[in-house]
Amino acid sequence: MAAFSATISDSSRFLSSTSLPHDKRRISPSPFSSQCSRRSFSLPPSRAVQIWDLLIDNEYVRELLQKDGLVTKSHVVAKVRVGRWKGLSIISRWGKGKPLNIRVQASVADISVEKLMDKVQLPKGDMWAVHKFGGTCVGTSQRIKNVADIIISDDSERKLVVVSAMSKVTDMMYDLINKAQSRDDSYISALDAVLEKHQSTALDLLDGDDLAAFLSQLHHDINNLKAMLRAIYIAGHVTESFSDFVVGHGELWSAQMLSFLVRKNGLDCKWMDTREVLIVNPTSSNQVDPDFLESERRLEKWFSQNSSKIIIATGFIASTPQNIPTTLKRDGSDFSAAIMGALFRARQVTIWTDVDGVYSADPRKVSEAVILRTLSYQEAWEMSYFGANVLHPRTIIPVMRYDIPIVIRNIFNLSAPGTMICRPATEDEDGQRLEAPVKGFATIDNLALVNVEGTGMAGVPGTASAIFGAVKDVGANVIMISQASSEHSVCFAVPEKEVKAVAEALQSRFRQALDAGRLSQVAVIPNCSILATVGQKMASTPGVSATLFNALAKANINVRAIAQGCSEYNITVVVKREDCIRALRAVHSRFYLSRTTIAMGIIGPGLIGGTLLDQLRDQAAVLKEEFNIDLRVMGITGSRSMVLSEVGIDLSRWRELLKEKGQVADLEKFTLHVHGNHFIPNTVIVDCTADSNVASFYHDWLRKGIHVITPNKKANSGPLDKYLKLRALQRQSYTHYFYEATVGAGLPIISTLRGLLETGDRILRIEGIFSGTLSYIFNNFTGTKAFSEVVAEAKEAGYTEPDPRDDLSGTDVARKVIILARESGLKLELSDIPVQSLVPEPLRASASAEEFMKQLPEFDKDLSRERQDAEESGEVLRYVGVVDAVNQKGNVELRRYSKDHPFAQLSGSDNIIAFTTTRYKEQPLIVRGPGAGAQVTAGGIFSDILRLASYLGAPS
Numbered sequence: 001m002a003a004f005s006a007t008i009s010d011s012s013r014f015l016s017s018t019s020l021p022h023d024k025r026r027i028s029p030s031p032f033s034s035q036c037s038r039r040s041f042s043l044p045p046s047r048a049v050q051i052w053d054l055l056i057d058n059e060y061v062r063e064l065l066q067k068d069g070l071v072t073k074s075h076v077v078a079k080v081r082v083g084r085w086k087g088l089s090i091i092s093r094w095g096k097g098k099p100l101n102i103r104v105q106a107s108v109a110d111i112s113v114e115k116l117m118d119k120v121q122l123p124k125g126d127m128w129a130v131h132k133f134g135g136t137c138v139g140t141s142q143r144i145k146n147v148a149d150i151i152i153s154d155d156s157e158r159k160l161v162v163v164s165a166m167s168k169v170t171d172m173m174y175d176l177i178n179k180a181q182s183r184d185d186s187y188i189s190a191l192d193a194v195l196e197k198h199q200s201t202a203l204d205l206l207d208g209d210d211l212a213a214f215l216s217q218l219h220h221d222i223n224n225l226k227a228m229l230r231a232i233y234i235a236g237h238v239t240e241s242f243s244d245f246v247v248g249h250g251e252l253w254s255a256q257m258l259s260f261l262v263r264k265n266g267l268d269c270k271w272m273d274t275r276e277v278l279i280v281n282p283t284s285s286n287q288v289d290p291d292f293l294e295s296e297r298r299l300e301k302w303f304s305q306n307s308s309k310i311i312i313a314t315g316f317i318a319s320t321p322q323n324i325p326t327t328l329k330r331d332g333s334d335f336s337a338a339i340m341g342a343l344f345r346a347r348q349v350t351i352w353t354d355v356d357g358v359y360s361a362d363p364r365k366v367s368e369a370v371i372l373r374t375l376s377y378q379e380a381w382e383m384s385y386f387g388a389n390v391l392h393p394r395t396i397i398p399v400m401r402y403d404i405p406i407v408i409r410n411i412f413n414l415s416a417p418g419t420m421i422c423r424p425a426t427e428d429e430d431g432q433r434l435e436a437p438v439k440g441f442a443t444i445d446n447l448a449l450v451n452v453e454g455t456g457m458a459g460v461p462g463t464a465s466a467i468f469g470a471v472k473d474v475g476a477n478v479i480m481i482s483q484a485s486s487e488h489s490v491c492f493a494v495p496e497k498e499v500k501a502v503a504e505a506l507q508s509r510f511r512q513a514l515d516a517g518r519l520s521q522v523a524v525i526p527n528c529s530i531l532a533t534v535g536q537k538m539a540s541t542p543g544v545s546a547t548l549f550n551a552l553a554k555a556n557i558n559v560r561a562i563a564q565g566c567s568e569y570n571i572t573v574v575v576k577r578e579d580c581i582r583a584l585r586a587v588h589s590r591f592y593l594s595r596t597t598i599a600m601g602i603i604g605p606g607l608i609g610g611t612l613l614d615q616l617r618d619q620a621a622v623l624k625e626e627f628n629i630d631l632r633v634m635g636i637t638g639s640r641s642m643v644l645s646e647v648g649i650d651l652s653r654w655r656e657l658l659k660e661k662g663q664v665a666d667l668e669k670f671t672l673h674v675h676g677n678h679f680i681p682n683t684v685i686v687d688c689t690a691d692s693n694v695a696s697f698y699h700d701w702l703r704k705g706i707h708v709i710t711p712n713k714k715a716n717s718g719p720l721d722k723y724l725k726l727r728a729l730q731r732q733s734y735t736h737y738f739y740e741a742t743v744g745a746g747l748p749i750i751s752t753l754r755g756l757l758e759t760g761d762r763i764l765r766i767e768g769i770f771s772g773t774l775s776y777i778f779n780n781f782t783g784t785k786a787f788s789e790v791v792a793e794a795k796e797a798g799y800t801e802p803d804p805r806d807d808l809s810g811t812d813v814a815r816k817v818i819i820l821a822r823e824s825g826l827k828l829e830l831s832d833i834p835v836q837s838l839v840p841e842p843l844r845a846s847a848s849a850e851e852f853m854k855q856l857p858e859f860d861k862d863l864s865r866e867r868q869d870a871e872e873s874g875e876v877l878r879y880v881g882v883v884d885a886v887n888q889k890g891n892v893e894l895r896r897y898s899k900d901h902p903f904a905q906l907s908g909s910d911n912i913i914a915f916t917t918t919r920y921k922e923q924p925l926i927v928r929g930p931g932a933g934a935q936v937t938a939g940g941i942f943s944d945i946l947r948l949a950s951y952l953g954a955p956s
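Per UniProt numbering, the very first residue in the sequence shown carries number 1; after that it's consecutive.
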């Protein structure tokens, strides 16, 4: 049987296509004589006889066998009895050549086409437009009609159209092979499904002779496939070349149907089996390299026999130099179109797909991703390598040679202009270089980092070669490499499924070095992702890397490894897999490619919190459209109930939602929800309470990368050690903690103080009226009004707390003083601040606010007498807080000021703060304005939120 196998391989002749019309059939030498599979295995004589019976029914194969002297079944059986069959060479030859039912007329060597007909010159250049339609584009009969309409409406002088198999057909063909070699009888019904799909499509598209011709060829091919698959079923084995041959039928059928449909509209159109033209050399990396010289020669030869202004060509399939059918592997149809574009020197190659173009990032991960109008070849190359849904990098190579643009367009949205991939222009029409330095971002998930380190690596030639030689030996794909200049370590990223084999290979290769201590470790860091930032102009734009890493830091993303080539077309970072989407959204928004999106959690929807939510509601649309800021409230919680949302709470109904869909308040669950959305890179919790328990969570939130904004004074005026720990954490991280509203509601008190200190000024004294309530009371405590009467008015107007003692005690002012003292560098505790309480001693223990208010008039005369004394001296009473930075102390008390003093000229509930510094020594810097009320306090919080957005990348 070994002799039988060899004889068949050496003598057979097969056509290079299953589906050529009778007038187009040509002959190629057997492609399998030198490259068929030779894997040895035992095949029982009865199985060999079954295959013989299958093959000998074909008269043309019988002729070939007769030529080789193998005429009868007994000859075959005799060969089997001699020894083992050294491989299914008949199957290999069959798969790589032509099906059994096609006539063999002569070998190529016996025919000289050039001698039989006048050669037609192949025109090349801008008159050709190349279109490629993927499987989705030709997935149904209606879609094929749409493709035909596009071809017909294209006014190019000449058109070449590359088509894929109908949607899912290639997968169906692979499934046929898998089932047949697994001896699964369902391959027969699966083949019938393939037949039905194409038959029903043809019935929708074609009629008359065209329909009859196509259906005849279709049934002819299906019968051949059935015989081939039966042989595979019996043998239980299939070669790669046979598999490639079978799966290529989908392209043959779709190309023929489309060509018939175009001709039906009265246009000159031919179809091309690209296995006759495209010649490729398989490589060891499961890819192929086009042989452009041979392909060009064969194209000219093909065109001399098939001259036409419209050519419908099969994508995905090609042949080796030995005429063995093969495929172009991943994204093969795109590659076919690019090669054809180069062979024809076409004006443009248009890739039709189901998206509007190339996005700046994966729109499934970044909803604000934008369509890029142009990309350079290098940018497209980089983005596609790192997983962007653009083109395979090799697709770009053929067209780059001739500066042929590739346009990505959406067949389902013809109004979209798409993305053009071309050589970039140096300047725009006005001579300005306005293009953004960063074009887009791409990610690769499911990676692991391998880190090889040790002092013995430094300066030792061949270490890197040994490392990557070991990686190559296990067939792993290295995605990224990073090495420190000290040569102390080399780290690289590989697919997670390959890392175990890589680690074992390195441990084995460097066992001696590890045992001797020259290498300290081969470490694996799992669960990683790569984020690539791509842009051709990054090389000429300073600060791109700084902006990138700043954005990652502010989103609290830790970078595991970094790589950048000297071309600077891309900067690649490795991050934790769970951080990948947040990192992608953070950098995308930072480069102004999308809105700065912040996930917000609001704690305390009372007077202040509720007013803030209403302000957010009213301003949300303006912030999105004019300032590119998207503030999404993901959760609202009170002390008893909370409402959560995955996409953002409808702020026009937040009160109803809190009542109708509220669940039991759980601060831990609330925090996890607000911070757990990986699609939003930045999280802020806004604490609108005065609760010390909530304030105790600030440190943990900041440590987790959650920004905190609050008017709550408890954290900054609490125990000094906790305050210092909180501020140290804030300074060490990129997480922000804003609390402007803790001192002056909406007044810029904290920011003014920081501005003075940061510019080198020295604080000598801070003195002010910090309580809007007490400002109102003493601004109105004039004439003959009793103190209790003014307090009652303030309570009625809503200026006081429900219990006015909270205001009159002076504790709130003391907290503000301690906050300013600490901001000025004083390390004081709240207990260090002497406070003059305005609550009479006997009333401090009153059971209720009502009882307090009832008894307060009894103590009016003391304050009335003090007011009278002040007025007689031309002065007024004011309740103030003082920070004495020179003497390292502070106090809160009722003081007298002359009527021309700024503090005496207040009205309503205004606050006033005077900063005396080395620069403002003679004339203090004064900040004055409303210091109480829900609107201004909420406005101060809102201002902090917008400041955070600006720090995170929103345009200012």
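Backbone N, C-alpha and C define an ideal beta-carbon position, used for all residues, glycine too. Just so it is clear, the structure is predicted and the values come from calculations on it, not from any experiment.
In the assembly as shown, H219 is an exposed residue. Its beta-carbon has fewer than 16 other beta-carbons within 10 Å. With contacts defined as CB atoms closer than 8 angstroms, I479 and I530 qualify as a contacting pair. Taking 4 residues as the shortest admissible run, the stretch 517-563 contains the following complete alpha helix (DSSP H) segments, listed from N- to C-terminal end: 544-554. The three-state reading of DSSP puts E793 in helix, counting H, G and I together. For T683, the pairing in a beta bridge is given by DSSP as A599.
Counting the other CB atoms within 10 Å of its CB gives S907 a total below 16, which places it among the exposed residues. A Cβ-Cβ separation of about 4 angstroms places R345 in contact with K124 under the 8 angstroms criterion. Counting only unbroken stretches of 3 or more residues, the beta strand (DSSP E) elements lying wholly within the stretch 138-202 are 158-163, in sequence order. Straight-line spacing of the CA atoms in Q730 and G662 works out to 33 angstroms. Inclusion of A599 and N677 in the CB contact set at 8 angstroms is warranted, their separation being smaller than that value.
For the pair G604 and T374, the Cα-to-Cα distance works out to about 48 angstroms.
Within the stretch 407-492, the beta strand (DSSP E) runs of at least 3 residues that lie entirely inside it are, in chain order, 419-422, 440-453 and 480-483. The Cβ-Cβ distance between A337 and L278 does not fall below 8 angstroms. In the three-state reduction of the DSSP assignment, G236 falls in the coil class. Note on Q521: under 16 other CB atoms within 10 angstroms of its CB, so exposed under the neighbour-count rule. Leaving aside the five residues that flank F942 on each side, the residues in its chain whose CB is nearer than 8 angstroms to its CB run, in chain order, L612, Q615, L616 and Q619. By the 16-neighbour rule on beta-carbons within 10 angstroms, Y359 is buried. For I649, the secondary structure class from DSSP, reduced to helix, strand or coil, is coil. Annotated three-state conformation of G908 is coil, per DSSP. Only residues of its own chain outside the window of five on either side were considered, and among them I177, Q181 and I232 have a CB closer than 6 angstroms to the CB of V238, listed in chain order. Looking at the DSSP output, D630 bridges to T597.
Taken atom to atom, the span from the alpha-carbon of V194 to that of V407 is near 32 angstroms.
Among the bridge pairs identified by DSSP, E893 is matched with V880.
T314 places its beta carbon 8 angstroms or farther from that of P282. The Cβ neighbour count for T937, taken over all protein chains shown within 10 Å, is at least 16; the residue is labelled buried. The distance from the Cβ of R765 to that of A885 is about 6 angstroms, consistent with a contact at the 8 angstroms cut-off. Around the beta carbon of Q868, fewer than 16 other beta carbons lie within 10 angstroms, which makes this residue exposed. As summarised for the stretch 310-347, the continuous alpha helix (DSSP H) elements at least 4 residues long and confined to that stretch are 332-344, given in chain order. In the structure shown, the three-state DSSP call for P748 is coil. For the pair V892 and V839, the CB atoms are not nearer than the 8 angstroms cut-off. Boundaries of the beta strand (DSSP E) around P930: L925 to P930. The three-state reading of DSSP puts T759 in coil, since its state is none of H, G, I, E or B.
Residue state for Y737 is assigned as strand, using DSSP reduced to three classes.
Within the same chain, and ignoring the five residues on either side of A949 in sequence, the residues whose Cβ sits closer than 7 angstroms to its Cβ are T596, I598 and I629.
Distance from G601 to V674 at the Cβ level is roughly 4 angstroms; contact confirmed, criterion being Cβ atoms closer than 8 angstroms.
In this structure, G535 and V438 form a Cβ contact; the two beta carbons are roughly 4 angstroms apart against a cut-off of 8 angstroms.
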